[in-house]
Amino acid sequence: MTMIQTARLRLHPLSFGDAQRIVDARPAPGELWAEGYPGVGDTGVARAFLAGIAERGDPGVYRPYAIRLDADGLVIGGIGFHRPPGPDGVVTVGYGLVPAFRGQGYASESLRGLIGRAREAGATAVRGDADLDNIPSQRVMEAAGMVYEGEDDKVRNYRVVFQGAADAT
Numbered sequence: 001m002t003m004i005q006t007a008r009l010r011l012h013p014l015s016f017g018d019a020q021r022i023v024d025a026r027p028a029p030g031e032l033w034a035e036g037y038p039g040v041g042d043t044g045v046a047r048a049f050l051a052g053i054a055e056r057g058d059p060g061v062y063r064p065y066a067i068r069l070d071a072d073g074l075v076i077g078g079i080g081f082h083r084p085p086g087p088d089g090v091v092t093v094g095y096g097l098v099p100a101f102r103g104q105g106y107a108s109e110s111l112r113g114l115i116g117r118a119r120e121a122g123a124t125a126v127r128g129d130a131d132l133d134n135i136p137s138q139r140v141m142e143a144a145g146m147v148y149e150g151e152d153d154k155v156r157n158y159r160v161v162f163q164g165a166a167d168a169t
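Structure, rendered in structure tokens:
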């Protein structure tokens, strides 16, 4: 699996072993984790990834990624696809950073990188959602080029549709 490089970050695709280490809260030798990583969300994503591999096999590029600072490799959070796209080609994303690294543009930078990977891999659209009161997450999706498309009583929904895929639902 190929890493995604952005201006300040490296998005490292998780392997089976990486996910198991996150579940076990045990970094690989020499790996640097920011304080607070892995969080509850990171551990849940790693467990779901391991279960998905067991049920459906390797998801290819549509997997979770560790967000690392390019300067020193420090893992500051995670981002990724919930699963491969459905028949409509739409894929759903999620992300999270440890508190000390929020508000610095890292989440939107990593989301732009992940959206680019989805486009390259043939997805027709990327969607995400944020709790109604999670304004920072809503701003992350907007900054990454996603457009508000509605809400229910719990979340606001965002989407980016790729050129030539205007009918993606």
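Read in UniProt numbering, the sequence shown has 1 at position 1, and its numbers run on one by one without any break. For glycine and all other residues, C-beta sits at the position ideal for the given N, C-alpha and C. Please read all numbers here as calculations on a predicted model, not as lab measurements.
Option nearest residue i by Cα separation, candidates the options
i, options, result
"Gly80", "Glu55, Asp88, Arg8 and Gly44", "Gly44"
"Gly87", "Ala123, Tyr65 and Ala54", "A small fix is needed here, since residue 87 is Pro in this sequence, not Gly. When each option's Cα is compared against that of Pro87, the closest is Ala123."
"Pro99", "His82, Val40 and Glu55", "Val40"
"Gly17", "Ala46, Gln104, Lys154 and Pro38", "Ala46"
"Ala125", "Glu55, Val161, Tyr65 and Tyr106", "Val161"
"Arg26", "Asn134, Val75, Pro59 and Asp152", "Val75"
"Val140", "Tyr37, Asp153 and Tyr106", "Tyr106"
Residue i - DSSP class collapsed to helix/strand/coil
i, result
"Asp129", "strand"
"Arg21", "helix"
Residues near residue i in its chain [Cβ-Cβ closer than 7 Å; skip 5 each side]
i, result
"Met3", "Arg10, Leu11, His12 and Pro13"
"Ser110", "Thr6, Leu9, Leu11, Ile67, Ile79 and Tyr95"
"Arg127", "Val90, Thr92, Asn157, Tyr158 and Arg159"
"Arg83", "Gly52, Pro59 and Tyr62"
Same chain only: Cβ atoms within 8 Å of residue i, ignoring 5 sequence neighbours per side
i, result
"Gly73", "Arg10, Glu31 and Leu32"
"Asp42", "Ile22, Gly77, Gly78 and Gly96"
For residue j and residue i, believed in contact at Cβ under 8 Å, the rounded distance
i, j, result
"Pro136", "Arg102", "7 Å"
"Leu132", "Glu120", "With a Cβ gap of about 32 Å, Leu132 and Glu120 do not count as contacting."
Residues near residue i in its chain [Cβ-Cβ closer than 6 Å; skip 5 each side]
i, result
"Gly145", "Val160"
"Gly60", "none"
"Met1", "Pro13"
- List in chain order: all unbroken alpha helix (DSSP H) runs of 4+ residues lying wholly within the UniProt domain "N-acetyltransferase" (23 to 169). 40 to 56, 106 to 120 and 135 to 143
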